[in-house]
Amino acid sequence: MKRMLSIAMLASTAMSVSMPAQAETVFLSTQLRPIEEATAVREELLSGLERPVDYVVEEPPQFAVRMEAERQAGKHTISLVGALHGELSPLADKQSLEPLDDLAKKMADAGMPQSLIDLGKLGKAEQQYIPWMQATYVMAASKDALQYLPEGADINKLNYDQLIQWGKKMQEETGAPQIGFPAGPKGLMPRYFQGYFYPSFTGGVVRTFKNSDAVAGWEKLKELWTVVSPNSTNYDFMQEPLASGEVMVAWDHVARLKNAISGSPENYVVFPAPAGPKGRGYMPVVAGLAIPKGAPDKEGARATIEHLATQEVQLQTASLVGFFPTLDVQLPEDLDPGVALLAGAVTATQSASDAVISLLPVGLGDKGGEFNKVYMDAFQRIVLQNEPVADVLKAQGETMSKLMSDTKARCWAPDAKSEGACPVE
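Residues -23 to -1, 1 to 402 (mature numbering (1 follows the signal peptide of the UniProt record, and there is no 0)) are what the sequence shown spells out, left to right.
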């Protein structure tokens, strides 16, 4: 009872303090939060709409709390939400989203692939969200680093052993580690573990968290980390250290590499992340647009969705913030050369013969941060503090198991489906 009251109070506070008078369509988003990206949304991507839109950004855990607060209070201020597939899934499970089947038909007619549209149903009979934009994570390197590539290595088909050899050679020749990862407080390192490392070494994410393949993978990561810049634990966005020359090779989200690549496209190559014994793990990132039930301005929300899904705005989104169209459109020849480089790496990743798709976590509700922490705590203890791998995985596996049981989250790809909570085997 106390929790319900506190949530209702939060909703009341949000309505009285955070949100403007309802003359505008309030658009709450977990995506494009950094100031530069949010400014591009407000000043360019949302321009041209008849009704003004107030673009409000929120961290994913707070987004979940805010949406639940409005649902429980029964008083809604938010008309449109933009969030990742896995962040919208809990809202659909609570029947909190308006069906958008008519808009989905329009999107199909405009050239949106049916596979993406079906993803927006979130397993329901009706359309829950409209796919807004998509991205993934890739690697980028200064062309100066190519001279140190292992002999015979294909940069679009690297494996972990070759990446380690490359890192060792760069370190020997330059006197410093030249590979960087976004392992800082606001970096996206958890997605590296969930979408790249674990699928590549174990073929799973949750079920395989502590098995023998995971142990071998962590040992390999420890070896890689000997040639990774120690400043990686301070990096949030890899575009800055890449552009400044602090590192020559980096892994990150395409939108967090864009400024460096677009700033000097002639100086960089962009390519898929390395493969492990189980394949080349990668995480497709699909953000969707949805209308909460009870939204005060459904008409304005629908108009905003249709506007953001036009070919012109989709291409503008790619150019400005590095997220790619969900419409099946040809990127123009005069596209920003840096964005074109990133797009090429995304295509190479998706079409790799050894690709292992790892979806964003689904069904965790407001526990996504705790899920991420399991991986980051394992990283801290194994790689940075050199604790025994098997011991750490056993302890963290217990934390993971309890988290899955508490949330009742079922397995998602690449883990095999489960009837109930996804088990740690």
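Glycine included, C-beta positions come from ideal geometry on N, C-alpha and C.
Apart from the five residues on each side of it in sequence, which residues of its chain come closer than 7 Å, Cβ to Cβ, to residue i?
{"i": "Ala(-3)", "result": "Summary for Ala(-3): the model assigns pLDDT 45, below 50, so the residue's position carries little reliability; its value from the coordinates is reported in the next sentence. Hits under 7 Å: none found."}
{"i": "Gln288", "result": "Leu304, Val306"}
{"i": "Pro118", "result": "A small fix is needed here, since residue 118 is Ala in this sequence, not Pro. Once the five neighbours on either side are set aside, the close Cβ partners of Ala118 are Met225, Val226, Tyr245, Val246."}
{"i": "Tyr125", "result": "Trp143, Lys146, Met147, Glu150"}
{"i": "Glu217", "result": "none"}
{"i": "Thr113", "result": "Val231, Tyr259, Met260, Pro261, Val262, Val323, Thr326"}
{"i": "Tyr352", "result": "Pro167, Phe170, Gln171"}
Determine the direct distance from the alpha carbon of residue j to that of residue i, and round the result to whole angstroms.
{"i": "Met215", "j": "Glu20", "result": "25 Å"}
{"i": "Gln49", "j": "Ser378", "result": "29 Å"}
{"i": "Lys245", "j": "Ala286", "result": "Looking at the sequence shown, residue 245 is not Lys but Tyr. Going from the Cα of Tyr245 to the Cα of Ala286 covers about 30 Å."}
{"i": "Gly152", "j": "Glu223", "result": "12 Å"}
{"i": "Gln357", "j": "Val58", "result": "34 Å"}
{"i": "Asn133", "j": "Gln139", "result": "12 Å"}
{"i": "Val366", "j": "Ala130", "result": "30 Å"}
{"i": "Leu135", "j": "Gln155", "result": "17 Å"}
{"i": "Arg279", "j": "Pro37", "result": "23 Å"}
{"i": "Ala322", "j": "Pro251", "result": "12 Å"}
{"i": "Lys371", "j": "Ile268", "result": "42 Å"}
{"i": "Gly342", "j": "Lys71", "result": "11 Å"}
{"i": "Leu23", "j": "Ser6", "result": "13 Å"}
{"i": "Ala232", "j": "Gly374", "result": "32 Å"}
{"i": "Gly51", "j": "Lys120", "result": "56 Å"}
{"i": "Gln104", "j": "His62", "result": "13 Å"}
{"i": "Lys394", "j": "Arg257", "result": "20 Å"}
Taking its Cβ as the centre, do 16 or more other Cβ atoms sit within 10 Å of residue i, making it buried, or is it exposed?
{"i": "Gly240", "result": "exposed"}
{"i": "Thr2", "result": "buried"}
{"i": "Gly277", "result": "buried"}
{"i": "Asn211", "result": "exposed"}
{"i": "Lys187", "result": "buried"}
{"i": "residue 422", "result": "For residue 422 there is no data in the structure shown, the boundaries of the chain being -23 and 402."}
{"i": "Ile107", "result": "buried"}
{"i": "Ala191", "result": "buried"}
{"i": "Gly265", "result": "buried"}
{"i": "Ala160", "result": "buried"}
{"i": "Ala122", "result": "buried"}
{"i": "Asp274", "result": "buried"}
{"i": "Glu243", "result": "exposed"}
Nearest to residue i by alpha carbon, out of the options?
{"i": "Gly271", "options": "Glu47, Ala252, Gly25, Gln8", "result": "Glu47"}
{"i": "Ala295", "options": "Arg10, Glu14, Leu74, Phe4", "result": "Glu14"}
{"i": "Lys350", "options": "Met44, Arg168, Ile107", "result": "Arg168"}
{"i": "Leu336", "options": "Gly144, Val263, Val205, Gln124", "result": "Val263"}
{"i": "Val339", "options": "Ala69, Val33, Arg10", "result": "Ala69"}
{"i": "Ser56", "options": "Trp109, Asp31, Gln91", "result": "Asp31"}
{"i": "Thr203", "options": "Ser395, Leu26, Asn363, Gly299", "result": "Asn363"}
{"i": "Arg10", "options": "Gln39, Asp368, Pro176", "result": "Gln39"}
Spatial neighbours of residue i within its chain, please: CB distance less than 6 Å, with the 5 preceding and 5 following residues excluded, ordered by chain position.
{"i": "Pro171", "result": "Here the sequence assigns Gln to residue 171, which means Pro is not the residue at that position. Closer than 6 Å at the Cβ level, and outside the excluded window around Gln171, lie Val182."}
{"i": "residue 403", "result": "No answer is possible for residue 403: the residues shown for the chain start at -23 and end at 402."}
{"i": "Ser206", "result": "Pro154, Gly157, Val224"}
{"i": "Met116", "result": "Trp228, Phe248, Ala250"}
{"i": "Val34", "result": "Ser6, Arg10, Ala15"}
Could you tell me if the beta carbon of residue i falls within a distance shorter than 7 Å of some heavy atom in the ligand NAD?
{"i": "Val366", "result": "You won't find the ligand NAD in this model; it holds no ligand whatsoever."}
Going by DSSP, what residues sit across from residue i in a beta bridge?
{"i": "Pro269", "result": "Leu74"}
{"i": "His62", "result": "DSSP lists no partner for His62."}
{"i": "Leu135", "result": "In DSSP, Leu135 forms no bridge with anything."}
{"i": "Phe348", "result": "In DSSP, Phe348 forms no bridge with anything."}
{"i": "Asp229", "result": "Val115"}
{"i": "Leu57", "result": "Phe4"}
{"i": "Ile334", "result": "Tyr259"}
{"i": "Gly252", "result": "It should be noted that the sequence gives Ala, not Gly, for residue 252. Its beta-bridge partners are Asn136."}
Skipping 5 residues on each side, what residues in its chain have a beta carbon closer than 8 Å to that of residue i?
{"i": "Ala398", "result": "Met381, Ser382, Thr384, Lys385, Ala386, Arg387"}
{"i": "Ala220", "result": "Asn236, Ala237, Gly240, Ser241"}
{"i": "Ala(-10)", "result": "Confidence is the limiting factor: at Ala(-10) the pLDDT is only 40, short of 50, which leaves the residue's position unreliable and the question unanswerable from this model."}
{"i": "Ala390", "result": "Ile334, Ser335, Leu336"}
{"i": "Glu196", "result": "Val366"}
{"i": "Asp78", "result": "Glu103, Gln104"}
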